[in-house]
Amino acid sequence: MAASAHKIMSKVLIVGSGGREHAIVWAIQNTAAPPVGLFCAPGNAGISQISQTVNISADDHAGLVSFAESNKIDLTFIGPEAPLAAGIVDLFTERGLPIVGPTAAAARLEASKIFAKDFMARHGIPTAAYRVAESAEDAIKCLGSGEFGSAHSPVVIKADGLAAGKGVVVAGNHAEAEKAIKDLMVEHVAGRGAAERVVLEEALTGSEASLLLFADGRDYAVMPAARDHKRIGENDTGPNTGGMGTITDASVLMNSDEHRVVQEIVEPTLAGARDEGFPFKGVLFLGLMLTKDGPKLLEYNVRFGDPETQAILVRLKTDLLSVFDSIQRQTLGNLQVEWTDGSSACIVAANRGYPGKYEKGAIIEGLDAVEEDSVQVFHAGTARDSDGRFIATGGRVLGVTAAAGSLPTALDRCYESLKKINWPGMQFRRDIGRSA
Ligand code: AMP
Ligand code: GLY
Numbered sequence: 003m004a005a006s007a008h009k010i011m012s013k014v015l016i017v018g019s020g021g022r023e024h025a026i027v028w029a030i031q032n033t034a035a036p037p038v039g040l041f042c043a044p045g046n047a048g049i050s051q052i053s054q055t056v057n058i059s060a061d062d063h064a065g066l067v068s069f070a071e072s073n074k075i076d077l078t079f080i081g082p083e084a085p086l087a088a089g090i091v092d093l094f095t096e097r098g099l100p101i102v103g104p105t106a107a108a109a110r111l112e113a114s115k116i117f118a119k120d121f122m123a124r125h126g127i128p129t130a131a132y133r134v135a136e137s138a139e140d141a142i143k144c145l146g147s148g149e150f151g152s153a154h155s156p157v158v159i160k161a162d163g164l165a166a167g168k169g170v171v172v173a174g175n176h177a178e179a180e181k182a183i184k185d186l187m188v189e190h191v192a193g194r195g196a197a198e199r200v201v202l203e204e205a206l207t208g209s210e211a212s213l214l215l216f217a218d219g220r221d222y223a224v225m226p227a228a229r230d231h232k233r234i235g236e237n238d239t240g241p242n243t244g245g246m247g248t249i250t251d252a253s254v255l256m257n258s259d260e261h262r263v264v265q266e267i268v269e270p271t272l273a274g275a276r277d278e279g280f281p282f283k284g285v286l287f288l289g290l291m292l293t294k295d296g297p298k299l300l301e302y303n304v305r306f307g308d309p310e311t312q313a314i315l316v317r318l319k320t321d322l323l324s325v326f327d328s329i330q331r332q333t334l335g336n337l338q339v340e341w342t343d344g345s346s347a348c349i350v351a352a353n354r355g356y357p358g359k360y361e362k363g364a365i366i367e368g369l370d371a372v373e374e375d376s377v378q379v380f381h382a383g384t385a386r387d388s389d390g391r392f393i394a395t396g397g398r399v400l401g402v403t404a405a406a407g408s409l410p411t412a413l414d415r416c417y418e419s420l421k422k423i424n425w426p427g428m429q430f431r432r433d434i435g436r437s438a
């Protein structure tokens, strides 16, 4: 149980419906002084076991404002990126409703890859070399310019806008890149409007790490570095997903690299955002590539990652609500945000077919057999059937998560628990954390 220092907060609303939000709700409940009313909109079946769920979608801003007003919510926290990019923080703030998260102006760091890359360039933040293309023709011409190597060179194509994970293609050569450009800009595979413009980017090599931080517009506190496993298949094969598993471990980001990330990326980002008139308040996520020339920034997200959050929050010792409260009141500098030593892991169990089409509705067996004192089972895509049994309704269904003194122990706990859980079509990667 975490110590609690927030002012008495009686009613809290978390917005979102995934494993990330289940972990946030769990962390808020797991303190000496949980709030009297903890609501999650819209939540999921797992979240409904530990808080009240409210049937309002994360995109229904008017519905959320009205719920917060009529229920006198003391603090609202937003999980997913879409409502942030669409200005929910600005709207709540105009109505005098306390909320934690970036404004729409700050959320451009995630909502527009072009804005983010130009911001990095303005502030000297190390990142891959890039070009912006306004049309498919322009992009193909840019490919042929020699700037991105020969026809055999890898190159990365990114849709400018939010694309729910479908907007980035790491092409092995220029022919693949040309196909990606056409898919994004002509066929609209990432959605209409997401790829009116694209970024062409130098392909970087190295290992990836995610560093997340809490920021209140003045001060910040970094979280333990995490590594996601994005591909569906073992040994990083197959299509990209939202994330099939995450670890936190000292090996993910060595102290010397973390120091460079803080100096060369975190501080210039927060100072740049302040100087440009959108001080960043909320959770900032840095997607990093650790190259032989030092850490480089691949992308910003303006929110907690999923499943990074699950692995990170099981190591948080400080009361999460105190952290949110101090961000809201800009007093983060007075709070010591503390983490347990050691490591953690979150292994995602998904439905067969994910990230493509998958079957829904199978009954999940064995959840009762899992020992909840050594692992946490966070629900992503679950619901209850008419008999009250949990059923698998999402692509990603569960995130089995554990913290321990060492990474092998954390992984063992997760994999031992996964042996007890089963449904027809359950799939998970057996190699999470193996490269660490
Ligand atoms: P992003 O959404 O920008 O993080 O991209 C998704 C994934 O694409 C990243 O996690 C990387 O695995 C990969 N990626 C993005 N940009 C690059 C790059 N410049 N070089 C190599 N891989 C990249
Ligand atoms: N796991 C990566 C993300 O949340 O964007």
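Under this note's numbering, residue 438 is the last one in the sequence shown; the count climbs by one each step, no gaps. Cβ coordinates follow ideal geometry from the N, Cα and C atoms, glycine included. Source: prediction; values computed, not measured.
- The Cβ neighbour count for residue 82, taken over all protein chains shown within 10 Å, is at least 16; the residue is labelled buried.
- Nearest neighbour of residue 427 by Cα position, chosen from 409, 353, 374, turns out to be 353.
- Given a length threshold of 3 residues, the region 254-290 has no whole run of the beta strand (DSSP E) inside it.
- Residue 392 sits in a strand when the DSSP states are folded into three classes.
- DSSP places residue 330 in the uninterrupted alpha helix (DSSP H) bounded by 322-330.
- By the C-beta criterion, the region 161-177 is judged not to be in contact with the region 122-130, since fewer than 3 inter-stretch pairs fall below 8 angstroms.
- As summarised for the region 24-89, the continuous beta strand (DSSP E) elements at least 3 residues long and confined to that stretch are 39-44, 77-80, given in chain order.
- Within 10 angstroms of the beta-carbon of residue 241 lie fewer than 16 other beta-carbons, which makes it exposed.
- Here DSSP, grouped into helix, strand and coil, assigns residue 411 to helix.
- If you ignore the 5 residues before and after residue 325, its C-beta comes within less than 7 angstroms of the C-beta of 216, 337, 339, all in its own chain and listed in chain order.
- The residues 60, 61, 164, in chain order, have a CB closer than 8 angstroms to that of residue 84 in the same chain once the five nearest residues on each side in sequence are set aside.
- Look at the beta carbons and you see the region 174-193 not touching the region 214-234: under three pairs across the two are nearer than 8 angstroms.
- Separation of residue 424 and residue 367 (C-alpha to C-alpha, rounded to the nearest whole angstrom) is 5 angstroms.
- Straight across, the Cα-Cα distance linking residue 335 with residue 251 is about 25 angstroms.
- If you check the CB distance, residue 401 and residue 309 come in under 8 angstroms.
- Along the length of the region 136-198, whole beta strand (DSSP E) runs at least 3 residues long occupy 157-161, 170-173, reported in chain order.
- Residue 347 holds the alpha-carbon nearest to the alpha-carbon of residue 405 among 373, 418, 347, 421.
- Set against 7 angstroms, the gap from the CB of residue 303 to the closest heavy atom of the ligand GLY is smaller.
- Remark: C-beta atoms of residue 322 and residue 315 approach each other more closely than 8 angstroms.
- In the three-state reduction of the DSSP assignment, residue 367 falls in the strand class, which pools E and B.
- Remark: the shortest separation between the CB of residue 134 and any heavy atom of the ligand AMP does not fall under 7 angstroms.
- Straight across, the Cα-Cα distance linking residue 170 with residue 147 is about 21 angstroms.
- Looking at the DSSP output, residue 298 shares a beta bridge with 291.
- Straight-line spacing of the CA atoms in residue 139 and residue 280 works out to 34 angstroms.
- For residue 122, the shortest C-beta to heavy atom distance toward the ligand AMP is 7 angstroms or greater.
- The beta carbon of residue 53 lies closer than 6 angstroms to those of 27, 40, 42 in the same chain, with the five residues before and after it left out.
- Judged by DSSP in its simplified three-state form, residue 433 adopts coil rather than helix or strand.
- Ordered along the chain, residues surrounding the ligand GLY are 230, 245, 307, 308 [Cβ under 5 angstroms from any heavy atom].
- By the Cβ test, the region 150-165 is in contact with the region 174-183, since at least three Cβ pairs between them sit closer than 8 angstroms.
- Within 7 angstroms of the C-beta of residue 172 there is at least one heavy atom belonging to the ligand AMP.
- Secondary structure note for residue 423: it is in no alpha helix (DSSP H), with a DSSP letter that is neither H nor E.
- Counting only residues of its own chain and dropping the five nearest sequence neighbours on each side, residue 104 has a CB closer than 7 angstroms to the CB of 86, 91, 282, 283, 284, 304.
- Separation of residue 69 and residue 37 (C-alpha to C-alpha, rounded to the nearest whole angstrom) is 17 angstroms.
- Inter-residue distance for residue 71 and residue 99 is about 7 angstroms (C-alpha atoms, whole angstroms).
- With contacts defined by Cβ atoms closer than 8 angstroms, residue 132 and residue 202 form a contacting pair.
- DSSP places residue 249 within a strand segment (E or B) once states are collapsed to three.
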